[in-house]
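Contents: one structure, followed by commentary.
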Amino acid sequence: MADFEEQLSDEEKVRIAANFIIHAPPGEFNEVFNDVRLLLNSDNLLREGAAQAFAQYNMDQFTPAKLDGSEDQVLITEHGDLGHGRFFDPRKKQSFKFDHLRKEASEPQSHEGEVALRPWRDACDEALRAYVKDHYPTGVCTVYGKTIDGQQTIIACIEGHQFQPKNFWNGRCRSEWKFTISQPTAQVVGVLKIQVHYYEDGNVQLVSHKDVQESLIISNEVQTAKEFVKIIENAENEYQTAITENYQTMSDTTFKALRRQLPVTRTKIDWNKILSYKIGKEMQNA
Amino acid sequence: VRVIVRVCACDCVRVIVCVPSLCEDLLSSVDQPLKIARDKVVGKDYLLCDYNRDGDSYRCSTEYRDLYFEGGVSSVYLWDLDHGFAGVILIKKAGDGSKKIKGCWDSIHVVEVQVRAGAPLPVQTGINNVNCFYLPNLGNMDMENKIRSTLNEIYFGKTKDIVNGLRSVQMLADKSKQEALKNDLMQVLSQRSKQQS
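Line by line, the protein sequences are chains A and B.
Residues in the first sequence are numbered from 1 upward in steps of one, following the numbering used here.
Residues in the second sequence are numbered from 287 upward in steps of one, following the numbering used here.
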């Protein structure tokens with residue numbers, strides 16, 4: 001076994017710790033954080049060096065946030081990152097401070113966002129909310145209207161999760177959909193992600209993603225929003241159906257190709273037969 | 287649709303470089319994917335694991351491997367104990383990569399055979415495989431079948447259920463109407479059967 005004579009530098013240790021944290025399965029950030037804390041054995045090092053990792057994790061995961069006094073939730077994403085630990089809620093037109101470790105929102109302030117894109121953003125948000133309510137038992141969505149590289153862009157983010165650590169499982173799905181309104185026909189670009197972790201007496205993870213591209217005709221705000229959400233609904237239904245079918249295919253073909261449940265003869269092996277055959281063969285050769 | 291199965295080999299190394307004192311404990315309690323090496327003398331593949339540093343190498347019953355795995359690589363390493371012997375049986379089968387799916391099945395079976403003092407010894411008839419005597423007992427330990435069934439039904443079935451709990455293809459309102467109808471039907475049917483009996 002290799003001898004680790006040289007101690008790793010603090011910087012390298014923090015980099016490894018951050019890497020573990022960023023890859024924590026949904027709902028297991030605290031567990032990974034606590035384990036990594038033990039390995040690193042320095043709370044200061046962890047807090048200072050890995051602060052970026054905590055923020056990165058929440059933005060990647062589309063962590064939902066709630067301000068006191070409101071039932072409505074907003075997603076923590078890179079599109080709403082205002083810097084200095086503050087995030088934008090485009091539906092409420094406010095910004096807030098977010099504690100990435102406690103996952104708590106505070107200090108709300110009014111924040112306008114891009115006024116020109118507001119009608120498009122609002123129409124898409126309204127249509128998307130209805131869709132999410134129809135298909136996600138615990139779904140949250142956030143829609144941004146932003147000018148990126150001179151292009152007026154609508155970005156829709158959807159998140160739904162179930163955390164049941166007492167039953168040894170956690171799962172989350174996320175999707176992000178974008179299109180620009182600068183041309184009569186737009187390209188809708190979508191990314192769909194699912195991650196499930198089941199660890200009762202074992203350890204199984206499903207980590208899946210799909211990229212989607214579709215065309216969208218830009219007319220008025222309400223009509224475009226309707227078509228946009230139709231595209232999302234069709235693609236996400238297709239994706240979910242494909243995953244379910246994949247499980248069946250995997251069971252019938254790949255898994256069988258790795259290890260059959262029964263031998264090709266369709267009966268379990270008779271070991272005594274094999275034994276007498278083997279001894280007989282060896283006696284012949286002796 | 288792309289599905290990824292995570293391999294934890296890299297993570298093991300990452301933990302060890304942070305806390306070198308954990309090295310031995312970690313490597314002995316976490317199973318790494320089996321590595322294949324080639325025996326150039328005999329021209330056959332064999333499998334590497336923690337156990338084959340000492341001990342004799344021996345090709346395991348290929349009948350079992352071929353019937354359940356239709357191919358694959360297997361190796362068995364045995365070593366003497368005070369009152370018997372122990373061994374590890376390794377099997378590695380990789381999917382053939384067809385149908386755009388990649389996969390690998392690794393089996394590591396560790397067995398210990400105790401021979402009680404005074405028990406009749408298998409007759410030595412010049413055959414060098416005394417271990418054949420124990421083969422039926424080892425072969426009938428069907429852990430692998432149980433694990434394979436469990437993987438298929440529980441683990442894969444459960445993760446699929448979780449996915450369908452996160453999102454519903456059918457509109458949720460329609461789903462609850464369907465549930466309500468189903469419950470009503472069941473109530474009516476059970477009332478009818480109570481009346482009839």
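Don't be surprised by glycine CBs; every beta carbon is placed ideally from N, CA and C.
Review point. When the Cβ atoms of the stretch 19-31 of chain A are set against those of the stretch 197-209 of chain A, are three or more pairs found closer than 8 Å?
Key: Here the stretch 19-31 of chain A lies against the stretch 197-209 of chain A, with 3 or more beta-carbon pairs under 8 Å apart.
Practice item. Just the chain A side, please: which residues come within less than 7 Å of Ala323 of chain B by C-beta, in chain order? Key: As a position in the second sequence, residue 323 of chain B is number 37, starting the count at 1. Correct list: empty, because the minimum Cβ distance to chain A is about 18 Å.
Exercise for review: List the residues of chain B whose Cβ lies closer than 7 Å to the Cβ of Ser251 of chain A, in chain order.
Suggested key: Here residue 251 of chain A is taken as the residue at index 251 of the first sequence, counted from 1. The contacting residues are Asn438 and Phe442.
Exercise for review: Could you tell me which chain B residues have their CB closer than 7 Å to the CB of Val196 of chain A, listed as they occur along the chain?
Suggested key: The residue you call residue 196 of chain A lines up with position 196 of the first sequence. By Cβ distance, chain B contributes Thr445, Ile448 and Val449.
Practice item. Could you work out which residues of chain A lie near Leu458 of chain B, taking near to mean beta carbons separated by less than 7 Å? Key: Walking along the second sequence from the start, residue 458 of chain B turns up at place 172. For the C-beta of Leu458 of chain B, the chain A residues within less than 7 Å are, from N- to C-terminus, Asp134, His135 and Pro137.
Review point. Could you give the residue range of the alpha helix (DSSP H) that holds Gln464 of chain B?
Key: Here residue 464 of chain B is taken as the residue at index 178 of the second sequence, counted from 1. That run of the alpha helix (DSSP H) goes Leu458 to Gln482.
Check your understanding: Got a sec: is the Cβ-Cβ distance from Trp177 of chain A to anything in chain B below 8 Å?
Key -> The count along the first sequence starts at 1 and reaches residue 177 of chain A at position 177. So, not an interface residue.
Practice item. State the DSSP-derived secondary structure class of Val359 of chain B, mapped to helix, strand or coil. Key: On the second sequence, position 73 is the one that residue 359 of chain B refers to. Val359 of chain B: strand per DSSP, three-state reduction.
Review point. Counting Cβ pairs, one atom from each stretch, are 3 or more of them under 8 Å apart for the stretch 168-179 of chain A and the stretch 83-96 of chain A?
Key: Short answer: they don't touch.
Exercise for review: Flag Ser219 of chain A as yes when its Cβ comes closer than 7 Å to any non-hydrogen atom of the ligand MG, and as no otherwise.
Suggested key: With respect to small molecules bound, the structure shown includes none, and the ligand MG cannot be examined in it.
Practice item. Take every Cβ of the stretch 64-77 of chain A, pair it with every Cβ of the stretch 210-228 of chain A, and state whether three or more of those distances are shorter than 8 Å. Key: Contact between the stretch 64-77 of chain A and the stretch 210-228 of chain A is absent: fewer than three C-beta pairs spanning the two stretches fall below 8 Å.
Review point. Which of helix, strand or coil does DSSP assign to Thr411 of chain B?
Key: Residue numbering aside, residue 411 of chain B sits at position 125 when the second sequence is read from its first letter. With a pLDDT of only 42 at Thr411 of chain B, under the threshold of 50, the placement of this residue in the model should not be trusted, and no figure is reported.
Check your understanding: Which two residues bound the contiguous beta strand (DSSP E) that contains Asn170 of chain A?
Key -> For the purposes of this step, residue 170 of chain A is taken as the residue at position 170 of the first sequence. Counting along the chain, the beta strand (DSSP E) containing Asn170 of chain A begins and ends at Trp169 to Thr180.
Point to revise | Closest by C-alpha distance to Asp81 of chain A, when choosing among A:Ser70, A:Arg121 and A:His111 | key: In the first sequence, counting from the first residue as 1, residue 81 of chain A sits at position 81. From the listed residues A:Ser70, A:Arg121 and A:His111, the smallest Cα separation to Asp81 of chain A is found for A:His111.
Review point. For His84 of chain A versus Ala55 of chain A, is the C-beta distance shorter than 8 Å?
Key: In the first sequence, residue 84 of chain A corresponds to position 84, counting from 1. In the first sequence, residue 55 of chain A corresponds to position 55, counting from 1. Taking 8 Å as the Cβ cut-off, His84 of chain A and Ala55 of chain A do not qualify as a contacting pair.
Exercise for review: Give the interface partners of Ser454 of chain B over in chain A, defined as CB-CB distance under 8 Å, in chain order.
Suggested key: Your numbering for residue 454 of chain B matches position 168 in the second sequence. Within chain A, the residues near Ser454 of chain B are His135, Tyr136 and Pro137.
Review point. Taking Cβ-Cβ distances shorter than 9 Å, what residues in chain B pair up with Gly160 of chain A?
Key: In the first sequence, counting from the first residue as 1, residue 160 of chain A sits at position 160. Correct list: Leu452 and Arg453.
Review point. Candidates B:Lys463, B:Val305, B:Lys321 and B:Val474: which alpha carbon is nearest Lys378 of chain B's?
Key: Reading the second sequence from its first residue, position 92 is the one you call residue 378 of chain B. The shortest Cα separation from Lys378 of chain B among B:Lys463, B:Val305, B:Lys321 and B:Val474 belongs to B:Lys321.
Exercise for review: Let me know the alpha helix (DSSP H) ranges lying completely inside the stretch 16-58 of chain A, each 4 residues or longer, listed in chain order.
Suggested key: Qualifying alpha helix (DSSP H) stretches, in chain order: 29-40 and 43-49.
Exercise for review: Going by CA-CA distance only, name the one from A:Asn246, A:Asn167 and A:Ile218 that's closest to Leu206 of chain A.
Suggested key: For this step, residue 206 of chain A is matched to residue 206 along the first sequence. Residue A:Asn246 holds the alpha-carbon nearest to the alpha-carbon of Leu206 of chain A among A:Asn246, A:Asn167 and A:Ile218.
Check your understanding: Three or more beta-carbon pairs under 8 Å between the stretch 145-153 of chain A and the stretch 6-15 of chain A, yes or no?
Key -> Too few Cβ pairs lie closer than 8 Å, so no.
Exercise for review: Within the stretch 224-258 of chain A, note down every full alpha helix (DSSP H) run reaching 4 residues or more, in order along the chain.
Suggested key: You should have 255-258.
Practice item. Tell me, please, which residues DSSP counts as bridged to Glu104 of chain A. Key: For the purposes of this step, residue 104 of chain A is taken as residue 104 along the first sequence, with counting starting at 1. Answer is A:Asp99, bridged to Glu104 of chain A.
Point to revise | Residue-chain proximity (Val305 of chain B, chain A), Cβ-Cβ < 8 Å | key: Your numbering for residue 305 of chain B matches position 19 in the second sequence. With its beta carbon less than 8 Å from one in chain A, Val305 of chain B belongs to the interface.
Review point. For Val125 of chain A, is the classification buried or exposed, using 16 other Cβ atoms within 10 angstroms of its Cβ as the cut-off for buried?
Key: One-based indexing of the first sequence puts residue 125 of chain A at position 125. Contrary to the premise, residue 125 of chain A reads as Asp rather than Val in this sequence. The residue in question, Asp125 of chain A, is buried, as its Cβ has 16 or more Cβ neighbours within 10 Å.
Exercise for review: Taking Trp169 of chain A as the query, report the chain B residues whose CB atoms sit under 9 Å from its CB, ordered along the chain.
Suggested key: Against the first sequence, residue 169 of chain A aligns to sequence position 169. Within chain B, Lys444, Thr445 and Ile448 have C-beta atoms less than 9 Å from the C-beta of Trp169 of chain A, given in sequence order.
Practice item. Please report the residue range of the alpha helix (DSSP H) in which Val399 of chain B lies. Key: Counting from one through the second sequence, the residue named residue 399 of chain B turns up at place 113. Here Val399 of chain B belongs to no alpha helix (DSSP H); instead the beta strand (DSSP E) covers Cys390 to Gln400.
**Study point:** Check whether Thr142 of chain A and Cys157 of chain A have beta carbons under 8 Å apart
**Key:** By 1-based counting over the first sequence, the position of residue 142 of chain A is 142. By 1-based counting over the first sequence, the position of residue 157 of chain A is 157. Their beta carbons are under 8 Å apart, which means Thr142 of chain A touches Cys157 of chain A by this criterion.
Point to revise | Contact set between Cys173 of chain A and chain B, taken where Cβ atoms lie within less than 7 Å | key: Reading the first sequence from its first residue, position 173 is the one you call residue 173 of chain A. Contacts between Cys173 of chain A and chain B, judged by CB atoms closer than 7 Å, involve Leu452 and Arg453 in chain order.
Practice item. Specify the secondary structure class of Ile218 of chain A as computed by DSSP and reduced to three states. Key: For the purposes of this step, residue 218 of chain A is taken as residue 218 along the first sequence, with counting starting at 1. Ile218 of chain A: coil per DSSP, three-state reduction.
Practice item. Could you tell me the distance, in whole angstroms, from the CA atom of Ile232 of chain A to the CA atom of Arg86 of chain A? Key: Along the first sequence, one-based indexing puts residue 232 of chain A at 232. Along the first sequence, one-based indexing puts residue 86 of chain A at 86. Across the structure, Ile232 of chain A and Arg86 of chain A are spaced so that their CA atoms are roughly 29 Å apart.
Check your understanding: Taking C-beta to C-beta, are Gly370 of chain B and Gln400 of chain B nearer than 8 Å?
Key -> Position 84 of the second sequence, counted from the start, is the residue given in the question as residue 370 of chain B. Position 114 of the second sequence, counted from the start, is the residue given in the question as residue 400 of chain B. Yes, these two residues count as a Cβ contact at 8 Å.
Check your understanding: Candidates A:Phe98, A:Asn44 and A:Ala18: which alpha carbon is nearest Val32 of chain A's?
Key -> Here residue 32 of chain A is taken as the residue at index 32 of the first sequence, counted from 1. Taking only the C-alpha atoms, the option nearest Val32 of chain A is A:Ala18.
Check your understanding: By how many angstroms is the C-alpha of Ser70 of chain A removed from the C-alpha of Thr224 of chain A?
Key -> One-based indexing of the first sequence puts residue 224 of chain A at position 224. One-based indexing of the first sequence puts residue 70 of chain A at position 70. Going from the Cα of Thr224 of chain A to the Cα of Ser70 of chain A covers about 29 Å.
Exercise for review: Return the CA-CA distance between Leu478 of chain B and Leu471 of chain B, expressed in angstroms with no decimal places.
Suggested key: Looking up residue 478 of chain B in the second sequence gives position 192. Looking up residue 471 of chain B in the second sequence gives position 185. The sequence as given places Arg at residue 478 of chain B; Leu does not occur at that position. Each residue's Cα considered, the two are about 11 Å apart.
Review point. What does Cys141 of chain A pair with, by DSSP beta-bridge criteria?
Key: Here residue 141 of chain A refers to the residue found at position 141 when the first sequence is read from its first residue. Answer is A:Ile158, bridged to Cys141 of chain A.
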